[in-house]
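Q:
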Amino acid sequence: MNGMTGVNHVNRVNRVTDGPGRGRGPAVSRRGLLGAGLGAGLGAAVLAAAGVGSAHAGTAGAGAGHPRAASAQRRGHAFLAAAMDAYPDHGPVRLAQSYADQAGLFSTAFTYDNALAILAHLAARTSDGRARAVALGDALLYAQEHDPAHDDGRLRQAYNVGPYTFYDGSLQPDGFVRADGTANVGTQFGFTGTAVGDMAWAGIALSALAGRTGERRFLAGAVRIGEWIERNGRTDEPLGGYKFGVDGADQKLPFTSTEHNTDLVCLFGRLARLTGDRVWLERRARARAFLEKVWEADGGFFYTGTNDGVSVNRSPIPADTQTWTYLALGSRDHARSLDWAARELAVLDHAERRNSTVPAGQSYEGVTFSSAGLVANEDAPIAESQPKPDRNGVWFEGTAHLALALRERHGRGDEALAGRLLGSVERAQDLLGGGQTVGGRALPERSGVVSASSPLDTGFGFGFGYYPYRHLGATAWYLMAAVRANPLRG
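Counting from 230, one number per residue, gives the positions in the sequence shown under my numbering.
Written out as structure tokens, the structure reads:
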């Protein structure tokens, strides 16, 4: 269990799960990155030494106003729309499928990914984006109101949004709304738990909808989420903060995550502003105090959390605890975390790398998921029926939120580095994941960012890896980074 607290949003497969489907299927082990020093570390000399053509590796991001970047963003939004519209025969109340069909998770829609999709749609500031954000927000509210077992405002790790035949031959016949009117919880994979991080992101998305639309139902849903977290997550253990959540059997989990508490700094701050109730400021301060306790001042980074509420878990060290903390806090005292991630988690993936699946002549720079990924066992599969990992596989979701954090910090060299990282993500959207589908339907050409350039092992156990499948969350983070929309600003 060491390191499990580094998983923020349980959309990482097999995190807060239970049920007979756990661990089955070809992709069940699937919800960071670069400051001072990376410019030199991934410059033309390194690329040349690796035998990678500079035409592929050296292209910087073109910026939000450049025609190429605008085209990349349009295609990213086309993927979000396709993932949302994949099952038109199953009613208007719907969430978006998280991964391309080829990932083997069928119609799974992770709560975290859909919260990000809402925020990316709102960041586009178009009428279509607003309408889609509202529809997804209403689906989250539907899930709150129509849970098959609970009436306390919780959301599950994931839902099914379309029919499929499972690996054992059993049929899952429904869309997001089951025949009996309940929300279709993802039981076959065991995605039935509720994590504080997932809940917080849903609350952030609903609060953003409340602020944009003025509709009180969205604020009410966000408040219900905040109150669920207070009841089920608050802890008086020595390190304090808010615990991880509950598993599918409604048993509380012992971990406390840096990333979860980072999310809560944003959510509770927003609820204080939108409701005028100062109790949310006290709760925000509790979450923020936890972050101070897991800050490593000598190294300039945040640890992943704690397994027992008493001792800090010092390994692995993930990327998102460095980037999200800056996006949520905007703290100069902790801004070095971006440099740590950019320097210590930097990767360059190309076809000559061991176990790389990148086509010849292409290369991608960015960051990996955690420090453990850099020393993953390349001789062993990530999980049963999975490929062997590439230590230099790029985690594109994290690469995008590092780029956004660098743009927020706006220090010397930050914008140039962010541009390079976004350029890498845009090339991935252009060139990786071709021929993939959602709901059996072909995706729009060159739309959607894959999770990783090659199979990568996160280092958090349980067969938790990322693969080159087009992904809602990675695409949403790219779209927000491209337009400088910080979803964690309170």
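Positions of the beta carbon are idealized from the N, C-alpha and C atoms, including for glycine.
Quantities reported herein were computed from a predicted structural model and do not represent experimental measurements.
Near Ser-653, which residues of its chain fall below 6 Å by C-beta distance, leaving aside the five closest residues on each side in sequence?
A: Here the set comprises Tyr-593, Glu-594, Gly-595.
Q: Pick out the complete alpha helix (DSSP H) segments inside the stretch 597-685, 4 residues or longer, and give them in chain order.
A: Taking only runs of at least 4 residues, the alpha helix (DSSP H) segments lying wholly in the stretch 597-685 are 625-638, 643-660.
Q: Would you mind sorting Asn-195 into buried or exposed? The rule is 16 or more other CB atoms within 10 Å of its CB.
A: Because the chain is modelled from 230 through 719, residue 195 falls outside the range shown and cannot be assessed.
Q: Considering only C-alpha positions, which residue in the set Asp-380, Gln-417, Val-541 is nearest to Tyr-396?
A: Minimum Cα distance to Tyr-396 is reached at Gln-417.
Q: Specify the secondary structure class of Ala-705 as computed by DSSP and reduced to three states.
A: Looking at Ala-705 - three-state DSSP - the assignment turns out to be helix.
Q: Within the same chain, show all residues whose beta-carbon is closer than 8 Å to that of His-639, passing over the 5 residues directly before and after it, in chain order.
A: None.
Q: Using the C-alpha atoms, what's the distance from Ile-546 back to Gly-534?
A: Cα-Cα distance, rounded: 9 Å.
Q: Looking at the unbroken alpha helix (DSSP H) that takes in Phe-339, where does it start and where does it end?
A: Taken as a continuous stretch (DSSP letters only), Phe-339 belongs to no alpha helix (DSSP H), being part of the beta strand (DSSP E) at 337-339.
Q: State the DSSP-derived secondary structure class of Arg-713, mapped to helix, strand or coil.
A: Arg-713: coil per DSSP, three-state reduction.
Q: Between Thr-421, Gly-391, Thr-423, which lies nearest to Ala-408 when the distance is taken from Cα to Cα?
A: When only C-alpha atoms are compared, the closest one is Gly-391.
Q: Are the beta-carbon atoms belonging to Arg-561 and Asn-621 less than 8 Å from one another?
A: No, they are not a contact pair.
Q: Report the option in Ala-714, Val-679, Leu-345, Glu-525 whose CA atom is closest to the CA atom of Ala-332.
A: If we check each option's Cα against that of Ala-332, Val-679 comes out closest.
Q: In or out: Gly-669 buried (at least 16 other Cβ within 10 Å) or exposed?
A: It is exposed - the Cβ of Gly-669 has fewer than 16 other Cβ atoms within 10 Å.
Q: What's the C-alpha gap between Gly-369 and Val-322?
A: For the sequence presented, residue 369 should be read as Leu rather than Gly. Each residue's alpha carbon lies about 9 Å from the other.
Q: Could you give the distance in angstroms between the alpha-carbon of Asp-381 and the alpha-carbon of Met-428?
A: Straight-line Cα distance between these residues: approximately 12 Å.
Q: Tell me the DSSP secondary structure of Gly-498 in three-state form.
A: Helix.
Q: According to DSSP, which residues form a beta bridge with Gly-534?
A: Ser-486, Asn-542.
Q: For the candidate residues Ala-378, Ser-327, Arg-713, Leu-448, whose alpha-carbon lies nearest to that of Leu-778?
A: This structure gives no information on residue 778, because the portion of the chain shown stretches from 230 to 719.
Q: Whose CA, out of Gly-440, Arg-641, Gly-602, lies closest to the CA of Val-623?
A: It is Gly-602.
Q: Can you tell me the Cβ-Cβ gap for Gly-719 and Val-494, rounded? I've got them flagged as a contact below 8 Å.
A: The Cβ separation is near 7 Å, so the contact holds.
Q: Output the boundary residues of the alpha helix (DSSP H) element that contains Asp-318.
A: Run containing Asp-318: none; DSSP gives neither H nor E here.
Q: With DSSP as the reference, identify every bridge partner of Tyr-555, one or two as the case may be.
A: Answer is none; Tyr-555 lacks a bridge partner.
Q: Locate the beta strand (DSSP E) running through Asp-578, then write down its first and last residues.
A: Per DSSP, Asp-578 belongs to the beta strand (DSSP E) from 575-579.
Q: Would you list the residues sitting across from Arg-463 in a DSSP beta bridge?
A: Paired residues: Tyr-471.
Q: Cutting at 7 Å between CB atoms, please list the residues of its own chain near Trp-457, excluding the five before and the five after it.
A: Counting only Cβ-Cβ distances below 7 Å, and skipping sequence neighbours, we find Asp-381, Gly-382, Arg-383, Met-428.
Q: Hey, how far is the Cα of Lys-617 from the Cα of Leu-574?
A: Going from the Cα of Lys-617 to the Cα of Leu-574 covers about 19 Å.
Q: Can you round the beta-carbon distance between Ala-412 and Ala-449 to whole angstroms, since I take them to be within the 8 Å contact cut?
A: Wrong, their Cβ atoms sit about 18 Å apart, outside the cutoff.
Q: How would you call Glu-521, buried or exposed, if buried means at least 16 neighbouring beta carbons within 10 angstroms?
A: So Glu-521 ends up on the exposed side.
Q: Here's the rule I'm using: 16 or more other beta-carbon atoms within 10 Å means buried, otherwise exposed. How should Pro-467 be labelled?
A: Pro-467 is exposed by the Cβ-count criterion.
Q: Going straight from the alpha carbon of Val-587 to that of Phe-625, what length do you get?
A: Cα to Cα, the separation comes out at about 14 Å.
Q: Put Gly-305 into one of helix, strand or coil per three-state DSSP.
A: Helix, per DSSP.
Q: Going by C-alpha to C-alpha distance, which of Trp-553, Arg-445, Leu-651 sits closest to Ser-486?
A: Nearest C-alpha to Ser-486: Trp-553.
Q: Is His-563 helix, strand or coil when you go by DSSP?
A: Helix, per DSSP.
Q: To the nearest angstrom, report how far apart Asp-537 and Asp-568 are at their CA atoms.
A: C-alpha separation (whole angstroms): 29 Å.
Q: May I ask whether a heavy atom of the ligand FMN can be found less than 7 Å away from the beta carbon of Arg-499?
A: Judged by which ligands are present, the structure shown has none, so any question about the ligand FMN falls away.
Q: Measuring CA to CA, which of Phe-473, Gly-469, Ala-315 is closest to Ala-424?
A: Residue Phe-473 is the option with its Cα nearest to Ala-424.
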